[in-house]
Amino acid sequence: MSAPDLADLHMHSCHSDGVLTPAALMELVAARGVTLAALTDHDTTAGLDDAATAAATHGVRFLRGVEVSAGWNGQSIHVIGLGVPPALAASHPFETHLAGIRARRVARLREIGERLQRKARIPGVTLADEVCAASAVPTRMHLARALVAAGHARDIGAAFDDFLSRRAPGHVPESWDDLATTLAVLREAGITAVLAHPHRYKLSSGALRRLLGEFRDGGGAAIEVCIGGMARHDLDRLATLARHFGFAASTGSDFHDPATPWNLPGRFDKLPAGLETVAARF
Ligand code: AMP
Ligand code: MN
Ligand code: MN
Ligand code: MN
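Counted from 1, the sequence shown has number 168 at position 169 by numbering that gives the first Met the number 0; the numbering is strictly sequential.
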């Protein structure tokens, strides 16, 4: 019998807010012993072809993925899509859905920059211009890095706390499509929907169960259970919820940057026994 897969189904490249190219990411993935990998950039499929080519040269099995921004009950949630079909035309409804999100990201980043300029008296407009010129998927992570580089924050965490989080001067509410719409778009494209990091949403246990119920009703197949850097009690809670709702379980690092060692590719706990892995469906 061959060894079981080490499946990392949640990673970012420089096509969204990661720092490595897809090729460099797949090299690192192979070096770390990951045998099944998905690139899941925020709201873009742009890195998938390069990642697939690089994965093949390293003997890593590759799944085409994406992490889609969505809204639920007034907050942002993330839905991982696995099995994105290759060579979708820009006019395909799934690609136009992502393009719409990217356009709203640009508008949001610029508004964040204006607020920082007005309320925190730092050159937010210029910083936002620079971020939007450099990335087709501008995120608050890019702006956090720019704030650190320009000396306005000591690290990424402080940049979020002082400037970008919900209670900070740069907060701008998100305007993503709702969960039901997002799931319908994924379903129609034949893409498997996985709810990303359910433990990170600041929800009561009742609200989290409502979210999981709506996710299942909309055709969601799986939830992430083992994620880089998570606490054991969160893992146990998510495993219980996956069993209760009949979800398959996914594993992933949410890797962005080699400088954050707690979510290197392949670095997360093993799935508890008795859960179906979403990887087994591919
Ligand atoms: P956005 O999608 O533009 O709201 O940016 C969110 C991205 O910023 C996430 O995908 C994370 O990579 C990162 N992020 C969000 N909150 C934090 C935080 N408190 N500390 C560090 N990174 C964060
Ligand atoms: Mn991110
Ligand atoms: Mn996420
Ligand atoms: Mn992610």
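C-beta: ideal position from N, C-alpha, C; glycine also.
Distance cut-off 7 Å: GLY156 Cβ against heavy atoms of ligand 1: yes
Three CB pairs or more closer than 8 Å across the stretch 202-220 and the stretch 255-263: no
Outcome for ALA37 when other beta-carbon atoms lying within 10 angstroms are tallied against a minimum of 16: buried
Under the three-state DSSP convention, the category THR369 falls into: Since the first and last residues shown for the chain are 0 and 281, residue 369 lies out of range.
Near ligand 4: ASP42 beta-carbon under 7 Å from a heavy atom: no
Buried or exposed by the 16-neighbour rule on C-beta atoms within 10 Å, applied to PRO21: buried
Outcome for ARG165 when other beta-carbon atoms lying within 10 angstroms are tallied against a minimum of 16: exposed
ALA195 CB to nearest heavy atom of ligand 3 below 7 Å: yes
Cα-Cα separation, ALA54 to PHE246: 28 Å
Cβ-based burial, PRO3 [other Cβ within 10 Å; buried from 16]: exposed
Short Cβ contact (8 Å threshold) for THR44 with VAL65: yes
Rounded straight-line distance, which links the Cα of THR95 to that of ASP176: 13 Å
HIS77 Cβ short of 7 Å to ligand 3 heavy atom set: yes
Beta-carbon gap between SER252 and ARG266 smaller than 8 Å: yes
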